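Residue 115 in my numbering sits at position 115 of the sequence shown; the count goes up by one each step and never skips.
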Amino acid sequence: MVRRINVRGAGGLRLAAWEFADPPKGTLPGGDGQAPGVLLLHGLMGRGSHWASTARWLSGRYRAVCLDQRGHGRSDKPTDGPFGREAYVADAEAVIEQLGLAPVALVGHGMGALTAWQLAAKRPDLVRAVVICDMRASALGKRSQRDWEQWLATWPVPFATLADVRRWFGEEDPRLERPSPSRGEFFTEVMAERMDGWRPVFSRRQMLMIRQEWVHEAHWEELALVRCPALVVRGIDGELGRAEAQEMVRVLPQGVYAEVADAGHLVHYDQPEQWRQAVEPFLQGALPA
């Protein structure tokens, strides 16, 4: 079962949200008939369907909703934005209120994790728990943005087949240190067939615009304002280093740390069972069903 939900973000922007399984039939204490809500927020270049397997096991206890954030997936892609942090946080805030998910647990990967903790800092009344997956609180800087711009320019678009997409991102991409089949699968999910071949469902120019809005600033102060339970998860070979992750846990008033072996940045793709083992007990403690 897959269900698309049309919602509105900041400024009335059309956003697509998804449920990949029926929510549980039980009721919460108080008899309102609603399972606790979980909103899953993908990273840069991602889409809601990247959370499908996670959403399915979450749906045994919770109402799990996956959002295509602005500029991504099936949501609107305004030509020139806005793509600032305020817009992404306001979109998530609007979705939670429209769907009646509060108090919600936010599960975010990369950029989506930043949105999650910024919203938790801004609206503690809406957020009961946060999962932060492989996202740094430190500023990444100009060099990082320049490297991304150069990398996006190397993509051999259009791809003739999905197999070519899978092979390039999983084996041939010069940024890879070793083959990563899960990375290939991740990128096949964000391609669509056009007249001339397979192209990303997002604009690479817009991805740089979106990233420009957060890579030059650190986000420690907002992290310290997150008062709810917060789990920081990193892949051993991911982008978030152990020392920084542990410092993030120290800064968070109710921070908890977990790391997943044999995983890179795409923790939930690389090691889905270990990812579940890290996240599920945390949510059960922070968001009882």
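Cβ atoms here follow ideal geometry from the backbone N, Cα and C, with glycine treated the same way.
Quantities reported herein were computed from a predicted structural model and do not represent experimental measurements.
Hey, how far is the Cα of residue i from the Cα of residue j?
{"i": "E172", "j": "C66", "result": "30 Å"}
{"i": "V297", "j": "G37", "result": "In this structure the chain extends from 1 to 289, so residue 297 is not present and cannot be described."}
{"i": "L140", "j": "E217", "result": "8 Å"}
{"i": "A278", "j": "V215", "result": "27 Å"}
{"i": "A230", "j": "F282", "result": "9 Å"}
{"i": "M248", "j": "G110", "result": "14 Å"}
{"i": "A263", "j": "G255", "result": "21 Å"}
{"i": "D125", "j": "L41", "result": "19 Å"}
{"i": "G48", "j": "R4", "result": "10 Å"}
{"i": "V127", "j": "P272", "result": "25 Å"}
{"i": "L208", "j": "W148", "result": "8 Å"}
{"i": "P158", "j": "L252", "result": "43 Å"}
{"i": "Q145", "j": "E239", "result": "15 Å"}
{"i": "Q206", "j": "Q212", "result": "10 Å"}
{"i": "D80", "j": "V7", "result": "21 Å"}
{"i": "R85", "j": "H50", "result": "22 Å"}
{"i": "L39", "j": "A160", "result": "35 Å"}
{"i": "W155", "j": "W168", "result": "9 Å"}
Can you tell me whether residue i is buried or exposed, with buried defined as 16 or more other CB within 10 angstroms of its CB?
{"i": "W220", "result": "exposed"}
{"i": "W151", "result": "exposed"}
{"i": "R143", "result": "exposed"}
{"i": "G11", "result": "exposed"}
{"i": "R234", "result": "buried"}
{"i": "E68", "result": "Checking the sequence, you will find Asp at residue 68 rather than Glu. D68 is buried by the Cβ-count criterion."}
{"i": "D270", "result": "buried"}
{"i": "D134", "result": "buried"}
{"i": "A292", "result": "The structure shown does not extend to residue 292, since the chain spans only 1 to 289, so no value can be given for it."}
{"i": "A286", "result": "buried"}
{"i": "G309", "result": "What the structure shows of the chain is the stretch from 1 to 289, and residue 309 is not part of that stretch, so it cannot be assessed."}
{"i": "M191", "result": "buried"}
What residues in its chain sit with their C-beta under 8 Å from that of residue i, if we drop five residues either side in the sequence?
{"i": "E244", "result": "R136, A137 and S138"}
{"i": "Q284", "result": "R61"}
{"i": "V131", "result": "A105, L106, V107, G108, A113, A116, A230, L231, V233, V279, F282 and L283"}
{"i": "R70", "result": "G9, L13, L15, D76, K77, P78, F83, A87, Y88 and D91"}
{"i": "S59", "result": "E19, F20, A21, D22, P23 and P24"}
Please state the DSSP three-state secondary structure of residue i.
{"i": "V215", "result": "coil"}
{"i": "M191", "result": "strand"}
{"i": "G31", "result": "Caution applies to G31, whose pLDDT of 41 falls short of 50 and renders its modelled position unreliable; the value that the coordinates give is listed next. Looking at G31 - three-state DSSP - the assignment turns out to be coil, as it is neither helix nor strand."}
{"i": "L41", "result": "strand"}
{"i": "D68", "result": "strand"}
{"i": "H109", "result": "strand"}
{"i": "E259", "result": "strand"}
{"i": "R204", "result": "helix"}
{"i": "V279", "result": "helix"}
{"i": "E290", "result": "A query on residue 290 cannot be resolved here, the shown segment of the chain reaching from 1 to 289 and no further."}
{"i": "A139", "result": "coil"}
{"i": "F159", "result": "strand"}
{"i": "V2", "result": "coil"}
{"i": "E93", "result": "helix"}
{"i": "V267", "result": "helix"}
Beta-carbon within less than 7 Å of residue i's beta-carbon, same chain only, minus the 5 sequence neighbours each way: which residues are those?
{"i": "L266", "result": "S182, R183 and F186"}
{"i": "W275", "result": "V260, V267 and H268"}
{"i": "G43", "result": "H109, G110, M111 and G112"}
Please go through the same chain and pick out, in chain order, the residues whose beta-carbon is closer than 6 Å to the beta-carbon of residue i, but skip the five residues on each side of it.
{"i": "D76", "result": "L13 and R14"}
{"i": "A35", "result": "P23, P24, Y62 and R63"}
{"i": "F166", "result": "The residue you asked about is not Phe; residue 166 is Arg in the sequence shown. Around R166: G184 and T188."}
{"i": "F20", "result": "V2, A52, A55 and R56"}
{"i": "H72", "result": "R47 and F202"}
{"i": "S180", "result": "G170"}
{"i": "A129", "result": "A105, C228, P229, A286 and L287"}
Is there a Cβ from chain B that is less than 8 Å from the Cβ of residue i?
{"i": "S75", "result": "Of the protein chains in the structure, only one exists, and it is not chain B."}
> Counting pairs of beta carbons, one from the region 54-61 and one from the region 208-228, are three or more of them closer than 8 Å?
Replying inline: no
>> I want to know whether the region 91-103 touches the region 194-204 - three or more CB-CB distances under 8 Å.
In response: no
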